[in-house]
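For the sequence shown, our numbering begins at 1 and goes up steadily by one.
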Amino acid sequence: MIARGFLVVLVPPHFLALLGHLRATGRAARLAVRSRGRYTNGLLLLLLLLLLLVTTSTMAATVTATSG
1 MIARGFLVVL
11 VPPHFLALLG
21 HLRATGRAAR
31 LAVRSRGRYT
41 NGLLLLLLLL
51 LLLVTTSTMA
61 ATVTATSG
């Protein structure tokens, strides 16, 4: 509980919302993978990796902007 409060202090709220969105996207991707073939699976994995890259770069830019 304390660790979660500490995380909220360190991480901006929009980033937490983005993490929630990524988690929901991952859930949707897993459901889609069950009902589709290997090609779709690869595309969804690529999409998730791209989202992760954008999230990480956004976080790094935010940290750099606020620390300077």
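Every residue gets a Cβ at the ideal spot worked out from N, C-alpha and C, and that includes glycine.
Remember, predicted model here, so these are calculated numbers, not experimental data.
Residue from the options whose Cα sits closest to the Cα of residue i
i	options	result
L45	T66, T25, S67, G20	T25
G20	A61, T66, T62, L52	L52
Cβ-based burial, residue i [other Cβ within 10 Å; buried from 16]
i	result
S57	exposed
9 Å Cβ cutoff, residue i in contact with chain B
i	result
N41	Although the question refers to chain B, the structure presented lacks it and comprises just one protein chain.
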